[in-house]
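Each residue of the sequence shown is one higher than the one before, starting from 234 at the first, in the numbering used here.
Beta carbons: idealized from backbone N, C-alpha and C, even for Gly.
Remarks on the structure that follows.
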Amino acid sequence: MVTAPLGSLILLLAWLVFVLYSVSILTWLGQVFVLGRNQLVSEEELAYDHEDVQVRILTIGAEAVVQATVDSVPDEVKDVHVIAERDIDIDGATVHVVPEEFECTARHKGRALEWARRHVPCTREFVLYLDEDTIVQNFRGLPDADIVQITEKPLFTGSWLAFFAETFRIGYQYEQRSFGWFNYPLYAWGGGIAIRKSLEDELTWDAETITEDTNFVWRAAESRDLDFRVLNLKFRNQAPPSIRGMFRQRRRWFAGTQHSTGLLPARYKLLFAFRMFTWALSPLIPLLSLVLFAFPQFVPEPAYYQIGSLTLFATLFFITLLGTVVYLPRERITLLAIPLTPLVVVLNTAGALWALVSPVHTFAVTEKVAPVTEHVDPEIIEQVHPQLEDGAFSGHDGAGRLITDGGEDIATDGDETGDDD
234 MVTAPLGSLI LLLAWLVFVL YSVSILTWLG QVFVLGRNQL VSEEELAYDH
284 EDVQVRILTI GAEAVVQATV DSVPDEVKDV HVIAERDIDI DGATVHVVPE
334 EFECTARHKG RALEWARRHV PCTREFVLYL DEDTIVQNFR GLPDADIVQI
384 TEKPLFTGSW LAFFAETFRI GYQYEQRSFG WFNYPLYAWG GGIAIRKSLE
434 DELTWDAETI TEDTNFVWRA AESRDLDFRV LNLKFRNQAP PSIRGMFRQR
484 RRWFAGTQHS TGLLPARYKL LFAFRMFTWA LSPLIPLLSL VLFAFPQFVP
534 EPAYYQIGSL TLFATLFFIT LLGTVVYLPR ERITLLAIPL TPLVVVLNTA
584 GALWALVSPV HTFAVTEKVA PVTEHVDPEI IEQVHPQLED GAFSGHDGAG
634 RLITDGGEDI ATDGDETGDD D
């Protein structure tokens, strides 16, 4: 027997979730299919080629992982540097070790970025930053912009549930196509981001944050009318190898973004407060759905609520479908993510709820080197990934795709780069 006060609370929560997620989903649909249309960089817009780019790869010291990333950089890019916390042996790149005595405001990855900005010579127009696990593909050049965000496509590394959660996330990230419309792009992925060198020197990386890339983009937007473009090359990076690792990753993203919102003007602060609140509460939706299923008398009676709720629920499956299509036709295993959508939504967002309940304060500590990130050696990925053979990473040159005949896209725009095999 459910008491009247509890029943009223369930009804209130049902309406609150309905309103919040109606606004959230409608906003996302507008970003993807209206604002995002024809916004990706086209082949004709590539104004800078390989000679205009310096590549910098950030790592603590994952030698085998970094070597695969260096191997994936096209041979035409001659200026390749690895910024490490300890000495490692890498073929095809100049390795720099951040001195222990180097001091600045930035911590962890930001400290390494700032040291490299000050001490690694660069005469190129752009610095292309890659994470240690980023595999370059389809790279032919860059457009004339202040910041170029390159899209990602995670690789399976051993945890199918984590990989399926990443598939949903990639579907949701179709919203990146609209970011050029915003004065402040909503977020940035540092695993593949090109920054004009003059802009980097003007702003520096010397800021206290744990989401360095988004923080830099927002400071750039604060300082100028930012020209931010999205290049749809789908660089391959590693999906978290464990659910626990994914939770920690999402928690850090949430906390770091929340910490940097002070850079935003009032209207964007309101937008981000809404986005982060709905993000953090997403894992509670299945629980509420189970309660309403168990006690149908508390389901709001209006037909528009019931139809709207079913539509919102179906949209989650559509988002997973978008992510799945990015992997087809070769990586068909992602089709299993579609029926598992309710579960992968919970897994994808549980870290945000964790951050809301127990915020991360890593940005306040004084350690110079961040904790070791969970990454998997390329040889192990080749063993566990169904579409990769032995030597796939060492034989990849960054000009084509790591996995050929894979990575189609649902067209919401015209011609774009990165779709040729």
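So, is residue i buried or exposed, given that buried needs 16 or more other C-beta atoms within 10 angstroms?
i: Ser241; result: exposed
i: Glu347; result: buried
i: Gln530; result: exposed
i: Gln471; result: buried
i: Tyr254; result: buried
i: Gln382; result: buried
i: Ile613; result: exposed
i: Lys502; result: exposed
i: Ser591; result: exposed
i: Gly628; result: exposed
i: Ala488; result: buried
If we ignore side chains and look at the alpha-carbon of each, how far apart do residue i and residue j end up?
i: Tyr362; j: Arg351; result: 15 Å
i: Leu549; j: Ser257; result: 12 Å
i: Gln491; j: Pro238; result: 34 Å
i: Ile518; j: Asp446; result: 30 Å
i: Glu284; j: His314; result: 14 Å
i: Gly325; j: Asp304; result: 7 Å
i: Ala603; j: Gly541; result: Note that Ala603 scores a pLDDT of 46, beneath 50, so its modelled location is shaky; the value from the coordinates is reported in the next line. One C-alpha to the other measures close to 44 Å.
i: Leu245; j: Phe526; result: 16 Å
i: Thr645; j: Val306; result: Residue placement at Thr645 cannot be trusted, given a pLDDT of 48 that sits under 50; the coordinates are not used to answer.
i: Gln264; j: Ser411; result: 6 Å
i: Asn271; j: Glu277; result: 13 Å
i: Ala345; j: Ile293; result: 9 Å
i: Ala301; j: Val369; result: 10 Å
i: Val360; j: Leu514; result: 37 Å
i: Phe396; j: Ala570; result: 9 Å
i: Asp322; j: Val330; result: 11 Å
i: Leu621; j: Glu615; result: 5 Å
i: Arg429; j: Tyr537; result: 49 Å
i: Leu259; j: His341; result: 37 Å
i: Pro516; j: Asn581; result: 9 Å
i: Ser493; j: Gln482; result: 17 Å
i: Val252; j: Leu432; result: 41 Å
On the premise that residue j lies in contact with residue i, defined as a C-beta separation below 8 Å, what is that separation, rounded to the nearest angstrom?
i: Asp366; j: Leu291; result: Actually they are not in contact, since the Cβ atoms of Asp366 and Leu291 sit about 11 Å apart, beyond 8 Å.
i: Trp261; j: Glu455; result: Not really, about 25 Å apart at Cβ, beyond 8 Å.
i: Phe636; j: Arg565; result: Correcting the residue type first, residue 636 is Ile in the shown sequence and not Phe. 12 Å between Cβ atoms; not a contact.
i: Thr557; j: Thr400; result: 6 Å
i: Thr511; j: Gly404; result: That belief does not hold up - the Cβ atoms of Thr511 and Gly404 are roughly 17 Å apart, past 8 Å.
i: Thr206; j: Trp486; result: Only positions 234 to 654 of the chain appear in the structure, and residue 206 is not among them; the question remains open.
i: Leu561; j: Arg469; result: With 8 Å as the limit, Leu561 and Arg469 do not qualify as a contact, their Cβ atoms being about 15 Å apart.
i: Pro354; j: Leu279; result: In fact, because the Cβ distance is near 25 Å, the residues do not count as touching under 8 Å.
i: Ala349; j: Arg289; result: 6 Å
Among the options, whose alpha-carbon lies nearest the alpha-carbon of residue i?
i: Gly633; options: Phe397, Trp587 and Leu466; result: Leu466
i: Ala247; options: Lys502, Ser515 and Val532; result: Val532
i: Ala453; options: Asn416, Asp610, Ala583 and Phe480; result: Asn416
i: Phe449; options: Leu464, Ile476, Gly478 and Pro418; result: Pro418
i: Leu319; options: Gly325, Glu435 and Glu296; result: Position check: residue 319 holds Arg in this sequence, whereas Leu was assumed. The candidate whose alpha carbon is nearest that of Arg319 is Glu296.
i: Asp458; options: Ala378, Gly584, Ile316 and Val315; result: Ala378
i: Pro474; options: Gly391, Ala499 and Leu503; result: Gly391
i: Arg484; options: Glu277, Leu589 and Leu464; result: Leu589
i: Leu504; options: Thr384, Pro535, Val353 and Tyr420; result: Tyr420
i: Leu273; options: Arg500, Thr327 and Val463; result: Val463
i: Arg477; options: Val524, Gly425, Thr384 and Ala398; result: Ala398
i: Ala317; options: Glu309, Val310, Thr327 and Leu249; result: Thr327
i: Val310; options: Val267, Gln287, Val299 and Phe266; result: Gln287
i: Phe480; options: Val593, Phe626, Glu334 and Val299; result: Val593
i: Asp460; options: Glu385, Ile380, Leu520 and Glu441; result: Ile380
i: Val298; options: Pro611, Leu576 and Phe372; result: Pro611
i: Thr437; options: Ala547, Arg357, Asn371 and Cys337; result: Cys337
i: Ala440; options: Pro575, Gly343 and Ala585; result: Gly343
At which residues does the beta strand (DSSP E) containing residue i begin and terminate?
i: Ile290; result: Val286 to Leu291
i: Glu385; result: Ile380 to Leu388
i: Arg462; result: Phe461 to Gln471
i: His329; result: Thr327 to Val330
i: Leu279; result: Leu279 to Tyr281
i: Met362; result: Reading off the sequence shown, one finds Tyr at residue 362, where the question assumed Met. Residues Phe359 to Asp364.
i: Val315; result: Asp312 to Ala317
i: Ile426; result: Gly425 to Arg429
Could you please give the first and the last residue of the uninterrupted alpha helix (DSSP H) stretch that includes residue i?
i: Thr557; result: Ala536 to Tyr560
i: Ala339; result: Segment: none, Ala339 is in no alpha helix (DSSP H) and carries neither H nor E.
i: Gly404; result: Trp393 to Tyr405
i: Ala297; result: Glu296 to Ser305
i: Arg452; result: Glu445 to Ser456
i: Gln616; result: Pro611 to Val617
i: Gln482; result: Ile476 to Ser493
i: Thr511; result: Ala499 to Leu514
i: Val579; result: Thr574 to Val590
i: Leu521; result: Leu517 to Ala527
Any heavy atom of the ligand NAP closer than 7 Å to the Cβ of residue i?
i: Phe626; result: The ligand NAP is absent from the structure shown, which contains no ligand whatsoever.
Does any residue of chain B have a CB that is nearer than 8 Å to the CB of residue i?
i: Glu441; result: Here there is only one protein chain, and chain B is not present.
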